[in-house]
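Since the structure comes first, as structure tokens, the remarks are kept for the end.
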């Protein structure tokens, strides 16, 4: 196979982003796109680039000229599609989360393992050059053994109630990236989760049974610690910072600003705010995660962000939810008998 | 009274620092110093500056030419001295903590209230220009209502075992500054404390029954949150940063570097490390806290950092200890029936 | 015209960059590429994207299905091609400099004016978001009237002797960007140039009759000042900073780092170096300058970086050379009787 | 001599600052202060600290209990006082400049040499920890051989016309610090000076025959370069930055901010401005320069900032003035037949 032939299931914002990136890549070919509603794609420049559009994802799964599918459809459709795609021998890239249910995610991963296809979960931030460099620095031993990992993760503004209701809640929709980041940076197993959370940004979120502000403390197998702070509303932009503090130093990644400009006035010195749109902030990361997926297939290499990574992050999201609801620390093994590392 | 006449009880490092600052102030006069062991002071330039040295603090308390005492002796001597000094009508500045026991601290504060003397606790970081500016920014409403307060507080290296054993443990000795900082910045009451802690830096600390690494989550009356991360060993220096994140922005104070110099090489860009000695980092804060004490007395104004502030910070330290030992969240009112705000 | 049809003359590094950007744009179509030597393009993915390749640029100029040409060939070929392309009614984007001779550049601009085609010079840095924001800040009056403009411009390493010999020298090849930047930021006319320069980086450069280090002072019509410092070798990367200082403040743009990562060790705090490859540093600027050219044609708008801008920057390069050779300040009007602003 | 006994000649702002620093030092004793007008000192706390005040500086020079004098009187009085003090065997610290005349400064230095007393010029910025670290970095060879040194030096606001008229002009009053800094950082001899200057801040300054904005290019013996940019008015504060760029890297010192606080709003990120009062910005430098003087005497060591340093900086100030007036580069040896390094 010299060029990977891909189909995209789900033509929403993320699906269209992946489509655009595929079209600019010479090692991947976008063959088809499926979506229940094709209005967003019909008549667009995307339509001209693909062999066909369809409202039925099964067309892509049956298509012998498609090697891999990108699943970008609503979460509640993921698992069935994964099972079918795996059975059809398609390699699979699936947006997070795999599912809202531990058992369903297990079902999906079992199908993937049985079919022996490549499976990658869309935790794009692992591919961001800043977080990648933090991870490399830690793995190279430059800061010694991690003692405390801190992740700050705040969105510019909260999503609407309709989204809150179907997104699985803040821990599954937003913090799940941070759970993965913490696993990625530490390379350790989390054994316990404790959540303090609140509904401070918008009462509508609380009415949906969700939270918008949280401090999440995680304990690793070796007793070292991590803490995540989340908010659904940071007026100054997208705030995503990490720090790994070890016994021999510390390494952190800061926000990328909209520009490097500095203005000095008689009042103050002004710097630009952080980038405030995730498509802007992670532009390169989305490209790199796709390239990584393609290389794993074409070069028959290990996928960098696996189904297991997806599963583990989801477990932590469930543990966080449980901790918040029951107002206690939750030992991860309560959720799964066996923690597969 | 045009100039305040002061006696220092306890001629250790902190006592000598306060002495030096008094000598450089024109509104305060250092009359006498007491310490059980006077070796560190006898024959020094300090000896020439004072009217007398003594091994008996009661000499200072009886001295009609002393208006105020600075209590810089070991913690276990504080309360008795406070009670006697108050009874003698002396204004009192006491280094933190007031005592290791809630009841004992209450006893001291009752004596102070009865005698109606000024009483200030030595939480010097409140007087640091950076933290002061953060506090002013919050109080001015510039960032809206605080949702998350974060404090990072790491020492360059752990103290020896002998110190660990008599210091009351990390929460009482080190985190207590952070408990006070969080009260100072939020101007809110803490209702709950949850601690995850570990002994990662040096086994000797664990053998002393103490911890050296911690993540402490605090919940305020209004449901907003705060988190402190501590470590007894940051190889790069004294790391003390705060951030207050609100619904209308965020304000943070960063470390002060040893210099503003930047070196660019073919490998990297190097900046100077943070200041690594507390006497250097808080040089001006120590001067300002003393001036504040003196002004409160000479100008008959409110003390900026009161006995109540000391008491509340100690309660949080006790709550933290309890949370760690019992592995659960501790509601602050478990420790005191009535939380005096 | 819904999509602009473009031909690229000169398939070297810059030509191929423009080609790649055109291919990713939906409003431009790359029809053909010409180069005396097609080895670098034949068999590449570029070949498949275009209608044809040719060794004769006249094929592009005669081609009725080409609306505009991008001239990316060696400088000494620019003017003849411009004259022919203009005569054929093609819009023209020309890489800097237009020519090494004031008269030749005039000849080119006269042909363009006569044919009334759009003409843009490739001063890509004007389109960099950081420099653009500096310019917007100045034009909005935020820093008052500019008094001093400073430009630092240093390359990671010097080009080889063969390049030095045919590039027109440092002022024409490298500083010319800074002359344009200074005109762009100030929106004022330069009346005088004074150069101090030296050969400090590599003797070979001096043997070529060129310099590698310079301080260039410029005086504007209104008496305000500007200074450029150049070096052909900055070991830490591509160093391109500007500052506009006015009577009401200052605005500056700093380097973009390779990442936002910060590592704290017991020795130092390390930040990443500036980006060190011009294709990386100005990736977006190259895209934006192309879009600007296309929009000027399709929307019949003013070109943002005109032939006059190219001409003026070249005059300053010549003035700089003269100042260095004759060791005196050079009044710009010595080179042209009439300064067209 | 265990403690140095000092007299201060000139009780203006700088004299009083030195007085305050002496009083806080244990190795120096302030014996007396002289000033033509003693109103600023009589009745102040300073009066109580000294043995006597006098309107006649000769009292200090005749006083056998004074070992050294600090000359902080108006510049036009310096040389006569130096000659007399040297003849009386007093060590001398003299504020800059020594005089407004090359011949007069020579006369003063000859007297000092003949009397073999210690002589230090008040270029306090050499003692600033940031500039000191830049200098140390250069001398350690960390950035290779300096190619370009840049100094930015801008005051928060211009002095009144009365001051302008008696201060010797901007080059002698303000830039002279930068001339010394450049000599200090490079450790090389300047051979040529070229000035472009203007009167842009306040017409009154021009009416006094002075400038307020300048770009000054200096050439060293080895052909390497330096550039200073000055302005009498930076609305955002005291702007004093240096950069030494060499063939193996670069080192720079940036401004010290009023605090380390950062505020993020929906508009911008705000940092504090640079310190805006020279007594604040150079507080420690003034202490260190005094200690250096005292140590040179008590320890019989080399003075760190010598009369020769003062002389050389003044020569450059004269060369700058000449360059501006005659609108040409000035070779330093035009002003002195022999450049003493």
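Residue numbers (my numbering), protein chains in the order written: chain A, 340 to 680; chain B, 340 to 680; chain C, 340 to 680; chain D, 340 to 680.
A virtual CB, placed ideally from N, CA and C, is assigned to each residue, including glycine.
When 345(A), 577(A), 356(A) are compared against residue 431(A), the one with the closest alpha-carbon
Position 92 of the first chain, counted from the start, is the residue given in the question as residue 431(A). For the residues 345(A), 577(A), 356(A), the minimum Cα distance to residue 431(A) belongs to 345(A).
Per DSSP, the bridge partner or partners of residue 357(A):
Numbered from 1 along the first chain, position 18 holds the residue referred to as residue 357(A). According to DSSP, residue 357(A) bridges with nothing at all.
According to the Cβ coordinates, are residue 438(D) and residue 415(D) closer than 9 Å?
Sequence index remark: in the fourth chain, residue 438(D) carries index 99 (1-based). Sequence index remark: in the fourth chain, residue 415(D) carries index 76 (1-based). Yes. Within cutoff.
Looking at residue 550(B) and residue 536(B), is the spacing between their C-beta atoms short of 9 Å?
Working through the second chain from its first residue, we reach residue 536(B) at position 197. Working through the second chain from its first residue, we reach residue 550(B) at position 211. In this structure, residue 550(B) lies closer than 9 Å to residue 536(B) by Cβ.
For residue 400(A) and residue 384(A), what's the separation of their Cα atoms in angstroms?
The residue labelled residue 400(A) in the question sits at position 61 within the first chain. The residue labelled residue 384(A) in the question sits at position 45 within the first chain. Computed Cα separation, rounded: 24 Å.
Residue-level contact to chain D via CB, residue 599(A), 9 Å cutoff
For this step, residue 599(A) is matched to residue 260 along the first chain. Answer no: the Cβ-Cβ gap between residue 599(A) and chain D never drops below 9 Å.
Segments assigned alpha helix (DSSP H), at least 4 residues, entirely inside the stretch 519-601 of chain B:
542-546
With DSSP as the reference, identify every bridge partner of residue 393(A), one or two as the case may be.
Here the question's residue 393(A) lines up with position 54 in the first chain. According to the DSSP secondary-structure assignment, residue 393(A) is paired through a beta bridge with 373(A).
Who are the Cβ neighbours of residue 393(D) in its own chain at under 6 Å, not counting the five residues just before and after it?
Here residue 393(D) corresponds to residue number 54 of the fourth chain, with the count starting at 1. Within the same chain, residue 393(D) has close Cβ partners 373.
Counting Cβ pairs closer than 8 Å, one from the stretch 446-454 of chain C and one from the stretch 476-490 of chain C, do we hit at least three?
no
Is there a Cβ of chain D sitting closer than 9 Å to that of residue 541(A), yes or no?
As a first step, residue 541(A) is located in the first chain; it is residue number 202 there, counting from the start. No, no contact with chain D.
Need the endpoints of the beta strand (DSSP E) that residue 346(D) sits in, please.
Start at 1 with the first residue of the fourth chain, and residue 346(D) comes out as number 7. Residue 346(D): member of the beta strand (DSSP E) spanning 343-348, first to last residue.
Local conformation of residue 470(A) per DSSP, three classes:
Residue 470(A) sits at position 131 when you count from the first residue of the first chain. Three-state DSSP puts residue 470(A) in a helix.
Should residue 479(C) be flagged as near chain D, meaning a C-beta pair shorter than 9 Å?
Here residue 479(C) refers to the residue found at position 140 of the third chain. Chain D contact via Cβ: absent.
Taking residue 540(D) as the reference, which of 585(C), 420(C), 573(C) has the closest Cα?
Reading the fourth chain from its first residue, position 201 is the one you call residue 540(D). Looking at the Cα atoms, 585(C) is the closest of the given residues.
Chain-ordered neighbours of residue 595(B) on chain D, where CB pairs are closer than 7 Å
As a first step, residue 595(B) must be located in the second chain, where it is residue number 256. Within 7 Å Cβ-Cβ: 599.
Measure the C-alpha to C-alpha separation of residue 486(A) and residue 670(B) and round it to an integer number of angstroms.
As a position in the first chain, residue 486(A) is number 147, starting the count at 1. As a position in the second chain, residue 670(B) is number 331, starting the count at 1. Spanning the two alpha carbons is a distance of roughly 27 Å.
From the beta carbon of residue 576(A), is the nearest beta carbon of chain D less than 9 Å away?
As a working note, residue 576(A) is residue 237 in the first chain. Output row for residue 576(A): interface = yes.
Within the 9 Å Cβ cut-off, does residue 612(C) reach chain B?
Position 273 of the third chain, counted from the first residue, corresponds to residue 612(C). So, interface residue.
Given residue 680(A), which residues of its chain have a CB within under 7 Å of its CB, disregarding the five upstream and five downstream residues?
What you label residue 680(A) is simply residue 341 of the first chain in a count that begins at 1. Reliability fails at residue 680(A), whose pLDDT of 44 lies under 50, so the model's placement of it is uncertain and the value that follows must be treated cautiously. In chain order, 528 place their CB closer than 7 Å to the CB of residue 680(A), counting only its own chain and leaving out the 5 sequence neighbours on each side.
Can you give me the C-alpha to C-alpha distance between residue 547(D) and residue 621(D), rounded to a whole angstrom?
On the fourth chain, residue 547(D) is found 208 positions in, with the first residue counted as 1. On the fourth chain, residue 621(D) is found 282 positions in, with the first residue counted as 1. Taking the straight line joining both Cα atoms gives about 29 Å.
Could you check which residue in 601(A), 614(A), 616(A) has the C-alpha nearest to that of residue 612(D)?
As a first step, residue 612(D) is located in the fourth chain; it is residue number 273 there, counting from the start. Of 601(A), 614(A), 616(A), the residue nearest in Cα terms is 601(A).
Counting only Cβ pairs nearer than 8 Å, list the residues of chain A close to residue 605(C).
Position 266 of the third chain, counted from the first residue, corresponds to residue 605(C). Within 8 Å Cβ-Cβ: 587, 588.
From the DSSP output, in three-state form, read off residue 482(C) for me.
Residue mapping note: residue 482(C) aligns to position 143 of the third chain, counting from 1. If DSSP states are grouped into helix, strand and coil, residue 482(C) belongs with coil.
Could you check where the beta strand (DSSP E) with residue 422(C) kicks off and where it finishes?
The residue you call residue 422(C) lines up with position 83 of the third chain. First-last for residue 422(C): 417-426, but that is the alpha helix (DSSP H), not the beta strand (DSSP E).
Between the stretch 551-560 of chain B and the stretch 516-528 of chain B, do three or more beta carbon pairs fall short of 8 Å?
yes
Check residue 296(B) in the structure and name its three-state DSSP category.
Because chain B here runs from 340 to 680, residue 296(B) falls outside it and cannot be looked at.
Looking at C-alpha atoms only, which residue of 617(A), 635(A), 658(A) is the closest neighbour of residue 464(A)?
Stepping through the first chain from its first residue, residue 464(A) is reached at position 125. Residue 464(A) has its Cα closest to that of 617(A), out of 617(A), 635(A), 658(A).
Using the Cα positions of residue 470(D) and residue 650(D), report the straight-line distance between them to the nearest angstrom.
Residue mapping note: residue 470(D) aligns to position 131 of the fourth chain, counting from 1. Residue mapping note: residue 650(D) aligns to position 311 of the fourth chain, counting from 1. C-alpha separation (whole angstroms): 21 Å.
Among the candidates 580(D), 589(D), 653(D), whose CA atom is the shortest distance from the CA of residue 468(D)?
Taking the fourth chain and counting its residues from 1, the one referred to as residue 468(D) is at position 129. It is 580(D) whose Cα lies nearest to the Cα of residue 468(D).
To be precise: take each residue of the stretch 524-541 of chain B, compare its Cβ to all Cβ atoms of chain A, and keep it if any distance is under 7 Å. Which residues remain?
533, 535, 537, 539, 540
Beta bridge counterpart(s) of residue 604(C) as assigned by DSSP:
For this step, residue 604(C) is matched to residue 265 along the third chain. Residue 604(C) is not bridged to any residue.
Does the beta carbon of residue 592(A) come closer than 9 Å to any beta carbon on chain D?
Position 253 of the first chain, counting from 1, holds the residue named residue 592(A). Closer than 9 Å: no.
Does the distance from the CB of residue 633(C) to the CB of residue 440(C) come in under 9 Å?
Locating residue 633(C) in the third chain gives position 294, counting from the first residue. Locating residue 440(C) in the third chain gives position 101, counting from the first residue. Going by C-beta atoms, residue 633(C) is not nearer than 9 Å to residue 440(C).
As assigned by DSSP and simplified to three states, the class of residue 674(C)
Translated into the one-based positions of the third chain, residue 674(C) becomes position 335. Note: residue 674(C) maps to coil in three-state DSSP.
At the level of alpha carbons, what is the spacing between residue 459(D) and residue 425(D)?
The residue labelled residue 459(D) in the question sits at position 120 within the fourth chain. The residue labelled residue 425(D) in the question sits at position 86 within the fourth chain. Computed Cα separation, rounded: 12 Å.
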